[in-house]
Amino acid sequence: MSDGNRHLDADALDAAALGQPASAETTLHLAECSLCQAEVDDLAGVVSVARAAEHDPPLTTPPDAVWEGIRAGLATSTPSRQPPPGGSSASAGVTDLGQVRRKAESRLRFLPLLAAAVAGIVVGAGVVALVGDRQQSPEVLASASLGPVAQGPADGQSGVAEIAVVDGVQMLSVTTANLADPDGFYEVWLLNLNTGGMIAMGTVPGGAHQTLLPVPPGVDLAEYRAVDISDEPFDGNPGHSSVSVLRGDLNT
Amino acid sequence: MSATALRLASPSTPLWDTLPMVGVEGEIGAAFAAGDPVAVEQAYQRWGGLVYTIALRTVGDPDDAADITQATFLSAWHGRASYDPARAPFKSWLTTIARRRAVDHLRRPVGVREFATAEHHEGGQPDIDHAEGLVDRIVVREELDSLGEPARTIVDLAFYSQLSHSEIATKLDMPLGTVKSHLRRSLNRLRTRLEGSRDV
Chain A
261 MSDGNRHLDA DALDAAALGQ PASAETTLHL AECSLCQAEV DDLAGVVSVA
311 RAAEHDPPLT TPPDAVWEGI RAGLATSTPS RQPPPGGSSA SAGVTDLGQV
361 RRKAESRLRF LPLLAAAVAG IVVGAGVVAL VGDRQQSPEV LASASLGPVA
411 QGPADGQSGV AEIAVVDGVQ MLSVTTANLA DPDGFYEVWL LNLNTGGMIA
461 MGTVPGGAHQ TLLPVPPGVD LAEYRAVDIS DEPFDGNPGH SSVSVLRGDL
511 NT
Chain B
3 MSATALRLAS PSTPLWDTLP MVGVEGEIGA AFAAGDPVAV EQAYQRWGGL
53 VYTIALRTVG DPDDAADITQ ATFLSAWHGR ASYDPARAPF KSWLTTIARR
103 RAVDHLRRPV GVREFATAEH HEGGQPDIDH AEGLVDRIVV REELDSLGEP
153 ARTIVDLAFY SQLSHSEIAT KLDMPLGTVK SHLRRSLNRL RTRLEGSRDV
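Chains A and B, in that order, are what the protein sequence lines are. Note that the working numbering has the first sequence beginning at 261, numbered continuously upward. Note that the working numbering has the second sequence beginning at 3, numbered continuously upward.
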């Protein structure tokens, strides 16, 4: 990890932001790398606000009259005369309930992907920014139900994988449930079942999580039609450990 | 596998229920944006205290805080078409409106507002920066309080007891990797929440 060309890993950034004693290598890297230092400063700002708030009193419950006022305001407001400042008048005035439902559904459809980004499971502000600023709805290209593979422990472990285009970039969303803590770490793979080819997509944690991983441009999704999650030992071997835990076929 | 790992692997609350944009909070936000009046009451029950506290600690006066809270929810309702779930969780959007309303209140000309009760009004000039700092603290504190376990305990030990990753792992008898990933996720969540509640 002391390779001068490499950036600090997330744990080292967090530790530095929390003010934990840093190794000489970390200190040296931060002195030379404005990118890592900026990330540490950013996170340290969050930590500092949280530390300042340690002894703040809990939230204050508003008096009942506040809600009464809001309810009265809702009752007297006539949406048709008060178009929303956002510009679109589509949701103002008389609205077809079915339309409302459809609108809500279409908005909710890809929320797991967004949730992953918001929750910061996706390490890398680029992806967060990408999803956060997107103007168009992600287009889901394929999805897979992930089920236990015989050789792995099987107690209720499951998952869902989706491939979607977010502003022109293909992303793989992996959602897992009840994934036991791995012996090493979990790695996500795209599999070509015809040729046995595999592409390592990235890691996911144990437990119940949603993770967003970028799909390298140029991957032929007509060929790579299965998603696999394996338990990889920390042995430095980048290949598949052959210990698959969850797997599923991508359906378009 | 240790007992701790087993417990972590089957949390009583699914993680995505605690995430800001899915589960109940996401549904309330989507229904609110879609024009469902019931969602206003649900949103108020869930976030009325947050909005009121932001207003109260910013302006100091309970009556003004009540006015700001009402104005925040009503203007959110009228402006619901401008809410984009892809940009921010509903809670953050609401916080942004409350923050703006409260700060606007401070900017009102002297004589229009009552400011005798608010400590930061000494000297007659509202301290906008102070108000922004207060709101940041409320936002972060609220988000900390909504962290599930064991994330909350881990964050407390790292932030306030100032233990290292490995000291926390030892204390809680948890794998180091679990501690690290909880901290990473919580830090990012707090950061996203803080950024999302500020005016862009």
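Quick reminder that beta carbons are idealized off the backbone N, C-alpha and C, glycines included.
* **DSSP three-state assignment for LEU268 of chain A, whether helix, strand or coil** => coil
* Asked: According to DSSP, is LEU451 of chain A helix, strand or coil?
  -> strand
* Within 10 angstroms of its Cβ, does HIS469 of chain A collect 16 or more other Cβ (buried), or is it exposed? -> buried
* To do: Take GLU299 of chain A and list the residues in its own chain whose beta-carbon comes closer than 6 Å to its own, dropping the five residues that flank it on each side.
  => LEU273
* **Residues near ASN561 of chain A in its chain [Cβ-Cβ closer than 8 Å; skip 5 each side]** => The requested residue 561 of chain A is not part of the displayed model; chain A covers only 261 to 512.
* Asked: What did DSSP end up calling ASN438 of chain A once you bin it into helix, strand or coil?
  -> strand
* To do: List the residues of chain B whose Cβ lies closer than 7 Å to the Cβ of ASP495 of chain A, in chain order.
  => None at all; the shortest Cβ gap to chain B is about 16 Å.
* To do: With a 10 Å radius around its C-beta and 16 neighbouring C-beta atoms as the bar for buried, classify PRO557 of chain A as buried or exposed.
  => Because chain A is modelled from 261 through 512, residue 557 of chain A falls outside the range shown and cannot be assessed.
* Please name the residue or residues paired with SER433 of chain A in a DSSP beta bridge. => A:GLU422, A:LEU472
* To do: Grab me the residues of ALA104 of chain B's own chain with a C-beta within less than 7 Å of its C-beta, minus the 5 sequence neighbours each way, in chain order.
  => ILE56, ALA57, THR60, VAL61, ILE70, ALA133
* To do: Can you check DSSP and say which residues form a bridge with SER166 of chain B?
  => In DSSP, SER166 of chain B forms no bridge with anything.
* Asked: Do GLY419 of chain A and LEU450 of chain A have their C-beta atoms closer together than 9 Å?
  -> no
* Between A:ASP491, A:ALA335, A:GLY329, A:VAL307, which lies nearest to VAL448 of chain A when the distance is taken from Cα to Cα? -> A:ASP491
* Could you tell me whether the Cβ of LYS173 of chain B comes closer than 9 Å to any Cβ of chain A? => no
* Neighbouring residues, chain A, relative to PHE75 of chain B (Cβ below 7 Å) -> ILE330
* To do: Mind checking the segment 316 to 330 of chain A against chain B and listing, in chain order, the residues whose C-beta falls within less than 7 Å of any C-beta there?
  => ASP316, LEU319, THR320, THR321, PRO322, PRO323, ALA325, VAL326, TRP327, GLY329, ILE330
* **One or two residues paired with VAL26 of chain B in a DSSP bridge** => Partner(s): none; VAL26 of chain B has no beta bridge.
* CB of ALA32 of chain B within 9 Å of CB of VAL40 of chain B, strictly -> no
* Asked: How about GLN164 of chain B: is its C-beta nearer than 9 Å to some C-beta of chain A?
  -> yes
* Between the C-alpha atoms of VAL141 of chain B and VAL157 of chain B, what's the straight-line distance to the nearest angstrom? -> 16 Å
* Assuming PRO323 of chain A contacts ALA68 of chain B (C-beta within less than 8 Å), just tell me the rounded distance between them. => 7 Å
* Asked: On the premise that VAL425 of chain A lies in contact with PRO474 of chain A, defined as a C-beta separation below 8 Å, what is that separation, rounded to the nearest angstrom?
  -> Not quite, the Cβ-Cβ distance comes to about 11 Å (not below 8 Å), so this is no contact.
* Asked: Hey, GLU144 of chain B and ARG191 of chain B are a contact pair by Cβ (cut 8 Å); roughly how many whole angstroms apart?
  -> Rounded, the Cβ-Cβ distance is 12 Å, inconsistent with contact.
* Asked: Can you tell me whether DSSP reads LEU406 of chain A as helix, strand or coil?
  -> strand
* Asked: Nearest CA to the CA of ARG485 of chain A: which residue from A:ASP302, A:GLU292, A:LEU406, A:PRO498?
  -> A:LEU406
* **Residue(s) in a DSSP beta bridge with THR463 of chain A** => A:GLU447
* Asked: Between the beta-carbon of LEU96 of chain B and the beta-carbon of VAL53 of chain B, is there less than 9 Å?
  -> yes
* Asked: Is DSSP giving ASP274 of chain A helix, strand or coil here?
  -> helix
* To do: Run down chain B in chain order and give the residues with a C-beta less than 8 Å from the C-beta of GLY428 of chain A.
  => Going along chain B, no residue has its Cβ under 8 Å from GLY428 of chain A, so there is no contact; the nearest lies around 15 Å.
* Which of helix, strand or coil does DSSP assign to ALA486 of chain A? -> strand
* Check GLN44 of chain B in the structure and name its three-state DSSP category. => helix
* CA nearest to the CA of GLY416 of chain A, picked from A:GLY467, A:ASP316, A:THR321, A:TYR446 -> A:GLY467
* Is there a Cβ from chain A that is less than 9 Å from the Cβ of GLN44 of chain B? -> no
* Kindly say whether SER183 of chain B, judged by its beta-carbon, lies nearer than 9 Å to any beta-carbon of chain A. => yes
* To do: Name, please, each residue of chain B whose Cβ falls closer than 7 Å to the Cβ of GLY333 of chain A.
  => GLN72, LEU76
* Asked: Whose C-alpha, out of A:SER502, A:LEU319, A:ARG266, is nearest the C-alpha of SER294 of chain A?
  -> A:ARG266
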